[in-house]
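> Attaching a single structure in structure tokens format; questions to follow.
2 protein chains.
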Amino acid sequence: MASDHTRSAILAAAERLYADRGFGDVTLRDIVAEANVNLAAVNYHFGSKDELIAELFVTRSIATNRERLRELKAAEEQGGGRAPIEVILRALVGPTLRGCLGPENQRSTAARFMIRASIESVPPIRRIKNREIDHLRKFVGAMRRALPDRSDVDIYWGLNFALAMAHHTIRESERLTKLSDGQCDLDDVEDVVARVVSVATMALAAGRTETKASAKVAAR
Amino acid sequence: MASDHTRSAILAAAERLYADRGFGDVTLRDIVAEANVNLAAVNYHFGSKDELIAELFVTRSIATNRERLRELKAAEEQGGGRAPIEVILRALVGPTLRGCLGPENQRSTAARFMIRASIESVPPIRRIKNREIDHLRKFVGAMRRALPDRSDVDIYWGLNFALAMAHHTIRESERLTKLSDGQCDLDDVEDVVARVVSVATMALAAGRTETKASAKVAAR
DNA sequence: TTGCAATTCAAACAGTTGTATGAAACTATT
DNA sequence: AATAGTTTCATACAACTGTTTGAATTGCAA
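Each protein sequence line maps, in turn, to chains H and Y. Numbering of the first sequence is given in this note's numbering, commencing with residue 1 and proceeding in unit increments. Numbering of the second sequence is given in this note's numbering, commencing with residue 1 and proceeding in unit increments.
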């Protein structure tokens with residue numbers, strides 16, 4: 001087969017540029033210049049610009065999802081098919097947070113690319129994200145097993161909030177640092193993971209079925 | 001002065017189109033066609049496309065922020081300068097959620113526009129968002145007064161998580177609906193507000209300074 | 001070496017984009 | 001009615017976009 005050299009040079013250059021400057025103002029010509037290949041090579045190897053972006057994102061997504069499921073499976077096996085909720089949540093948000101936060105200077109290109117992808121949503125990436133639901137269902141299942149007397153609705157909301165805290169913290173890490181004048185240490189990834197897991201666990205552990213009712217009372 | 005008719009026709013058309021089809025594939029030509037005005041009118045009245053987008057977003061942001069502060073001020077006055085934390089959090093996330101969620105068919109153009117702005121982040125909007133920090137500081141102050149023995153870091157994290165849950169729920173409302181097979185009712189806005197406020201309140205009320213330590217223990 | 005497929009390349013294409021221009025039309029004041 | 005200022009309009013501009021083409025080159029198998 002081919003040497004594949006051009007293909008991977010394009011992938012690397014594209015990831016680097018997208019990570020640094022965003023999808024908005026990186027053109028194919030920027031990419032091929034960075035990769036030292038011909039302009040037509042992108043269409044030859046990937047078909048189109050969108051397919052290039054999609055391939056980049058899929059590759060990284062698969063890696064994260066695999067890591068998530070690995071942690072989940074390990075936890076459930078260790079617990080005889082049932083894992084504690086906080087370990088499940090850690091498997092859900094840990095890989096993403098670890099992949100995207102941490103000291104900026106030692107942040108991988110892949111991490112910076114994924115941050116971009118979470119900030120600037122472009123069509124090819126959105127299409128892929130929409131297919132992530134099946135992956136999340138596996139976590140719903142595990143959470144159901146961990147909290148058998150919890151309603152499905154509460155499980156979904158708990159999952160939603162856990163992802164919310166993780167993704168928003170990544171997206172707005174710069175703002176949180178500025179707002180807190182550096183007091184919130186986003187580089188201490190394990191602390192961030194612990195905080196997210198802690199709150200999400202509380203959200204799911206709080207008084208059964210009471211959540212909605214009690215909150216509504218407080219609303220008055 | 002002028003009739004202002006053209007100006008507001010452009011604003012209305014642009015908001016409608018951006019809300020429906022996103023920033024990515026709405027051109028100035030689409031906008032002026034929808035508004036029944038000449039192409040050059042946009043640059044004449046707004047200077048550039050980006051300034052048009054900025055004006056749209058600023059207008060809506062100011063409205064939301066004003067509503068937030070109105071609720072906050074009312075609550076603090078009623079409590080003699082100190083409001084309960086859950087009321088503060090409600091003032092923070094309530095206006096945004098109420099503005100962006102609710103039955104789709106009766107969702108205002110403004111609301112749909114703001115959802116777009118939160119999903120597809122474009123440069124002019126990002127620049128404005130970065131200036132939102134001063135506004136958030138007012139909530140930090142109120143939260144400090146409500147929870148005087150809470151560390152600043154915990155306050156910042158609590159604020160961050162509250163905004164995280166609100167914004168992520170808006171951004172991913174479609175996915176949550178699909179994942180839960182319609183069981184999570186995103187149209188019941190007050191329930192959503194109550195859920196977010198409830199979890200955020202718990203996050204801030206949970207064992208002082210213990211949060212981090214206890215979570216770290218759970219991590220083992 | 002010859003032949004054939006895979007790859008690279010320069011060049012052009014076709015389309016779109018936001019913006020600028022200068023004349024025309026309008027508005028309101030004198 | 002004449003004027004000055006504002007607003008509208010058709011049109012052109014200049015730049016950039018992703019993609020295509022067809023010829024040149026390369027690498028490998030027979």
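Ideal Cβ positions, reconstructed from N, Cα and C, are used throughout, including at glycine.
Of the residues that make up the segment 110 to 130 of chain Y, which ones have a beta carbon closer than 9 Å to any beta carbon in chain H?
Against chain H - using a Cβ distance shorter than 9 Å - the residues of the segment 110 to 130 of chain Y are Ile119, Glu120, Ser121, Val122, Pro123, Arg126, Lys129, Asn130.
> What whole-angstrom Cβ distance do Ala221/H and Pro84/H have, given they're in contact under 8 Å?
With chain H covering 1 to 220 only, the question about residue 221/H has no answer from this structure.
> Here's a check: name, in chain order, each residue in its chain whose Cβ is nearer than 7 Å to the Cβ of Ile115/H, leaving out the five neighbours to either side.
Numbered from 1 along the first sequence, position 115 holds the residue referred to as residue 115/H. The answer, listed in chain order, is Cys100, Ile170.
> By how many angstroms is the C-alpha of Met165/Y removed from the C-alpha of Met165/H?
Residue numbering aside, residue 165/H sits at position 165 when the first sequence is read from its first letter. Residue numbering aside, residue 165/Y sits at position 165 when the second sequence is read from its first letter. Distance between the alpha carbons of Met165/H and Met165/Y: 6 Å.
> Answer with buried or exposed for Asn160/Y, where buried requires no fewer than 16 other C-beta atoms within 10 angstroms of its C-beta.
The residue given as residue 160/Y occupies position 160 in the second sequence. By the neighbour-count rule (16 or more Cβ atoms within 10 Å), Asn160/Y is buried.
> By Cβ distance below 8 Å, which residues in the same chain neighbour Ile128/Y in space, the five residues on each side in sequence not counted?
The residue you call residue 128/Y lines up with position 128 of the second sequence. Taken in chain order, the residues that qualify are Ala54, Phe57, Val58, Ser61.
> Taking 8 Å as the cut-off, decide whether the C-beta atoms of Gly102/Y and Val193/Y are in contact.
Counted from its first residue, the second sequence places residue 102/Y at position 102. Counted from its first residue, the second sequence places residue 193/Y at position 193. Not closer than 8 Å, so no.
> Mind checking Glu172/H: buried by the 16 CB within 10 Å criterion, or exposed?
Taking the first residue of the first sequence as position 1, residue 172/H is located at position 172. Answer is buried; the Cβ neighbour count reaches 16.
> Would you grab the beta carbon distance between Ala263/Y and Thr109/Y for me? Rounded to a whole angstrom, and I think it's under 8 Å.
A query on residue 263/Y cannot be resolved here, the shown segment of chain Y reaching from 1 to 220 and no further.
> Thr6/H: which of Val26/H, Leu17/H, Asn36/H, Gly24/H sits nearest, CA to CA?
Sequence index remark: in the first sequence, residue 6/H carries index 6 (1-based). Taking only the C-alpha atoms, the option nearest Thr6/H is Asn36/H.
> Tell me, please, whether the CB atom of Asn43/H is closer than 8 Å to any CB atom in chain Y?
By one-based count along the first sequence, residue 43/H stands at place 43. It does not; no Cβ of chain Y falls within 8 Å.
> Within its chain, find whatever has a CB closer than 8 Å to the CB of Glu15/Y; leave out the 5 residues flanking it on each side and keep chain order.
Along the second sequence, one-based indexing puts residue 15/Y at 15. So the qualifying residues of the chain are Leu56, Thr109, Ala110, Phe113.
> Name the two residues that bound the continuous alpha helix (DSSP H) containing Thr6/Y.
Against the second sequence, residue 6/Y aligns to sequence position 6. Its alpha helix (DSSP H) spans residues 5 to 21.
> Going by the DSSP bridge assignment, what does Glu120/H pair with across the sheet?
Translated into the one-based positions of the first sequence, residue 120/H becomes position 120. In the DSSP output, where bridge partners are listed per residue, Glu120/H has Glu120/Y.
> Would you mind telling me which residues of chain Y sit closer than 8 Å to Ala83/H, beta carbon to beta carbon, in chain order?
Sequence index remark: in the first sequence, residue 83/H carries index 83 (1-based). Within 8 Å Cβ-Cβ: nothing; Ala83/H doesn't reach chain Y, min ~13 Å.
> Grab the span of the alpha helix (DSSP H) containing Asn65/H for me, first residue to last.
Taking the first sequence and counting its residues from 1, one reaches residue 65/H at position 65. Counting along the chain, the alpha helix (DSSP H) containing Asn65/H begins and ends at 49 to 78.
> Can you tell me the Cα-Cα spacing of Arg225/Y and Arg21/H, whole angstroms?
Past the boundaries of the shown model lies residue 225/Y; chain Y is included only from 1 to 220, so the question cannot be answered.
> With a cut-off of 8 Å on the beta carbons, I'd call Val122/Y and Phe23/Y a contact; round off their distance for me.
Taking the second sequence and counting its residues from 1, the one referred to as residue 122/Y is at position 122. Taking the second sequence and counting its residues from 1, the one referred to as residue 23/Y is at position 23. With 8 Å as the limit, Val122/Y and Phe23/Y qualify as a contact, their Cβ atoms being about 5 Å apart.
> Please state the DSSP three-state secondary structure of Gly94/H.
The sequence position of residue 94/H within the first sequence is 94, counting from 1. Three-state DSSP puts Gly94/H in a helix.
> Between Ile10/Y and Ala41/H, what straight-line distance do the alpha-carbon atoms span, to the nearest angstrom?
As a working mapping, residue 10/Y is identified with position 10 in the second sequence. As a working mapping, residue 41/H is identified with position 41 in the first sequence. The alpha-carbon atoms of Ile10/Y and Ala41/H are separated by roughly 41 Å.
> How would you write the range of the alpha helix (DSSP H) that Glu172/Y sits in, first residue to last?
The sequence position of residue 172/Y within the second sequence is 172, counting from 1. Taken as a continuous stretch (DSSP letters only), Glu172/Y belongs to no alpha helix (DSSP H), as it is neither H nor E.
> Among Leu28/H, Asn65/H, Leu72/H, which has the Cα closest to the Cα of Glu221/H?
Chain H is shown only over 1 to 220; residue 221/H falls outside these bounds and no answer can be derived.
> Buried or exposed for Leu39/H, going by 16 or more other Cβ atoms inside 10 Å?
Against the first sequence, residue 39/H aligns to sequence position 39. Exposed, since its Cβ has fewer than 16 Cβ neighbours within 10 Å.
> Given Thr177/Y, which residues of its chain have a CB within under 8 Å of its CB, disregarding the five upstream and five downstream residues?
Position 177 of the second sequence, counted from the first residue, corresponds to residue 177/Y. Around Thr177/Y: Cys184, Leu186.
> For Gln183/Y, name the three-state secondary structure that DSSP assigns.
Here residue 183/Y refers to the residue found at position 183 when the second sequence is read from its first residue. Of the three classes helix, strand and coil, the one that applies to Gln183/Y here is coil, per DSSP.
> Rounded to the nearest angstrom, what separates Asp181/H and Arg131/Y at their Cα positions?
What you label residue 181/H is simply residue 181 of the first sequence in a count that begins at 1. What you label residue 131/Y is simply residue 131 of the second sequence in a count that begins at 1. Cα to Cα, Asp181/H sits roughly 15 Å from Arg131/Y.
> With a CB to CB cut of under 7 Å and the five nearest residues on each side skipped, what residues in its chain are close to Glu117/Y?
Counting from one through the second sequence, the residue named residue 117/Y turns up at place 117. Note that residue 117/Y corresponds to Ala in the displayed sequence, not to Glu. So the list reads Phe57, Ile125, once near-sequence residues are dropped.
> Please compile the residues from chain H whose C-beta is within a distance smaller than 8 Å of the C-beta of Asp152/Y.
What you label residue 152/Y is simply residue 152 of the second sequence in a count that begins at 1. Result: Ser180, Gln183.
> Does Tyr18/Y come within less than 8 Å of chain H when only Cβ atoms are used?
Position 18 of the second sequence holds residue 18/Y. Not closer than 8 Å to any Cβ of chain H, the Cβ of Tyr18/Y fails to qualify, so no.
> Taking the alpha carbon of Asp221/Y as the reference point, which residue from Glu120/Y, Glu190/Y, Arg175/Y has its own alpha carbon closest?
Here chain Y has residues from 1 to 220 only, and residue 221/Y is not among them.
> Where Ala162/Y and Asn105/Y are concerned, what is the direct C-alpha to C-alpha distance, given to the nearest angstrom?
Position 162 of the second sequence holds residue 162/Y. Position 105 of the second sequence holds residue 105/Y. Their backbone Cα atoms lie some 27 Å apart in a straight line.
> Spatial neighbours of Glu71/Y within its chain, please: C-beta separation below 6 Å, excluding the five flanking residues on both sides.
Here residue 71/Y is taken as the residue at index 71 of the second sequence, counted from 1. Closer than 6 Å at Cβ, skipping near neighbours: Ala91.
> Step through the CB atoms of chain H and report whether any lies within less than 8 Å of the CB of Ser8/Y.
As a first step, residue 8/Y is located in the second sequence; it is residue number 8 there, counting from the start. No, its Cβ sits nowhere closer than 8 Å to a Cβ of chain H.
> So, are the CB atoms of Thr201/Y and Leu69/Y less than 8 Å apart?
For the purposes of this step, residue 201/Y is taken as the residue at position 201 of the second sequence. For the purposes of this step, residue 69/Y is taken as the residue at position 69 of the second sequence. Taking 8 Å as the Cβ cut-off, Thr201/Y and Leu69/Y do not qualify as a contacting pair.
> Along the chain, where does the alpha helix (DSSP H) containing Asp30/Y start, and where does it finish?
Here residue 30/Y refers to the residue found at position 30 when the second sequence is read from its first residue. First-last of the alpha helix (DSSP H) with Asp30/Y: 28 to 35.
> Measure the C-alpha to C-alpha separation of Trp157/Y and Gly158/H and round it to an integer number of angstroms.
For the purposes of this step, residue 157/Y is taken as the residue at position 157 of the second sequence. For the purposes of this step, residue 158/H is taken as the residue at position 158 of the first sequence. Rounded to the nearest angstrom, the two C-alpha atoms are 18 Å apart.
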